[in-house]
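S.K.: There's a structure below that I have some questions on.
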Amino acid sequence: MIEILSPAELDRARESGALVAHILRTLTERATVGTNLLEIDRWAQAMIVEAGAVSCYVDYAPTFGRGPFGHYICTSVNDAVLHGRPRDHTLADGDLLTLDLAVATGGIAADSAVSVLVGRARPAESVAMIEATERALDAAIAVARPGARIGDLSHAIGTVLSDAGYPVNTQFGGHGIGSTMHQDPHVSNTGRPGRGYTLRPGLLLALEPWVMADTAELVTDPDDGWTLRSATGCRTAHSEHTIAITEDGAEILTLRG
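In UniProt numbering, the protein residues as written are 1 to 257.
Rendered as structure tokens:
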């Protein structure tokens, strides 16, 4: 299903995007050395409930997960890159933490992710990897406009990531979003320009470049059945924004500012 949102629905999407941005900004500021991942989940729950919003994750139960996700935010650390299920783990100096959050207000969802380094340590390889995903996200947003094709966005992302020296996995990528968190069209993190669905005003997309330092192969954590990790144990990074296609180009709905 591909949804084209009405102006009223776009206003609700903006509200959802602003809330997601606020929560992620708050959580990245609170997440320090000694913070437990379960604390982050509780903080996210409290802010979602206080805002009168709905979590897109608690009851999320796709075929690739082991039952409902059961938590309010994805917390991925170091070799974990996607669907990081919060667990009893305390953050250490230099950990690479990715927070991925999706909520809905007024029946319209927004989705965003950010990778940060915890504490004072700044490993150069981790900084470079985070920055590469951010540049790839910026490149995709720059070409997102009415008349562009999904392949144009995928090509922009893949070019940045490949030029930075990272293998690109195509199992998981960006997606349409609206009344549900995951919709068509799929936005692969690499692709050929001029191919795929033509973008139209009112379309919402969650664009999410992510990489693993030295592999394109994922493995599922056998303990929780959810967390996707790099097959080699290498570090990972992930950046995501929800954008709305407008008459003039793309509006970022989850800008943290």
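Glycine is no exception: its CB is placed at the ideal position from the N, C-alpha and C atoms.
Return the chain-ordered list of same chain residues with a C-beta closer than 7 Å to the C-beta of Val187, the five sequence neighbours on each side being excluded.
M.R.: Excluding residues within five positions, the ones whose Cβ falls inside 7 Å are Ile150, Leu153, Ser154, Gly173, Gly174, His175, Leu205 and Leu207.
S.K.: Starting from Gln183, trace the beta strand (DSSP E) in both directions and tell me its first and last residue.
M.R.: Gln183 to Val187
S.K.: Expressed to the nearest angstrom, what Euclidean distance is found between the alpha-carbon atoms of Glu15 and Ile245?
M.R.: 16 Å
S.K.: Please list, in chain order, all residues of the same chain as Leu37 whose beta carbon is under 7 Å from its beta carbon, the five residues on each side excluded.
M.R.: Thr75, Pro86, Arg87 and His89
S.K.: Check for me: the alpha helix (DSSP H) holding Glu251 runs from which residue to which?
M.R.: Element bounds for Glu251: not the alpha helix (DSSP H) but the beta strand (DSSP E), Ala250 to Ile252.
S.K.: When the Cα atoms are used, what is the spatial distance from Val160 to Leu137?
M.R.: 9 Å
S.K.: In angstroms, rounded to a whole number, what distance separates the CA positions of Arg12 and Ala124?
M.R.: Each residue's alpha carbon lies about 39 Å from the other.
S.K.: In angstroms with no decimal places, state the Cα-to-Cα distance between Gly65 and Arg229.
M.R.: One C-alpha to the other measures close to 14 Å.
S.K.: When you compare each of Ala61, Arg122, Cys56 and Leu117 to Val103 by their alpha carbons, which one comes out closest?
M.R.: When each option's Cα is compared against that of Val103, the closest is Cys56.
S.K.: Do you know how far the Cα of Tyr60 is from the Cα of Thr254?
M.R.: Cα to Cα, the separation comes out at about 21 Å.
S.K.: Does the segment 105-118 touch the segment 214-222, meaning 3 or more C-beta pairs lie closer than 8 Å?
M.R.: no
S.K.: Given a cut-off of 8 Å on the beta-carbon distance, is the pair Asp95 and Glu240 in contact?
M.R.: no
S.K.: Does the beta-carbon of Arg122 have 16 or more other beta-carbons within 10 angstroms, so that it is buried, or is it exposed?
M.R.: exposed
S.K.: Report yes if the CB atom of Arg235 is closer than 8 Å to the CB atom of Ala213, and no otherwise.
M.R.: If you check the CB distance, Arg235 and Ala213 come in under 8 Å.
S.K.: What I want to know is whether the C-beta of Arg87 ends up closer than 7 Å to one or more non-hydrogen atoms of the ligand GDP.
M.R.: Although the ligand GDP was asked about, the structure shown includes no ligands whatsoever.
S.K.: List the residues that DSSP assigns as beta-bridge partners of Asp100.
M.R.: Cys74 and Ala113
S.K.: Please state whether the Cβ-Cβ distance between Ile141 and Ile252 is less than 8 Å.
M.R.: yes
S.K.: Going by DSSP, name the residue or residues bridged to Ala244.
M.R.: Leu204 and Glu251
S.K.: Apply the 10 Å Cβ neighbour rule to Met1 and answer buried if 16 or more other Cβ atoms are within range, or exposed otherwise.
M.R.: exposed
S.K.: Which one or two residues does DSSP pair with Ser55 in a beta bridge?
M.R.: Val103
S.K.: For Asp184, which option in Pro167, Arg135, Gly191 and Tyr197 has the closest C-alpha, if you only look at C-alpha atoms?
M.R.: Tyr197
S.K.: Measuring only the C-alpha atoms, how far is residue 260 from Gly70?
M.R.: Residue 260 falls outside the range modelled here, since the chain spans only 1 to 257, and no answer is possible.
S.K.: Buried or exposed: which applies to Asp79, given that a residue is buried once 16 or more other Cβ atoms fall within 10 Å of its Cβ?
M.R.: buried
S.K.: Could you spell out where the alpha helix (DSSP H) holding Ser126 opens and where it closes?
M.R.: Ala124 to Val143
S.K.: For Ala231, which three-state DSSP category applies?
M.R.: coil
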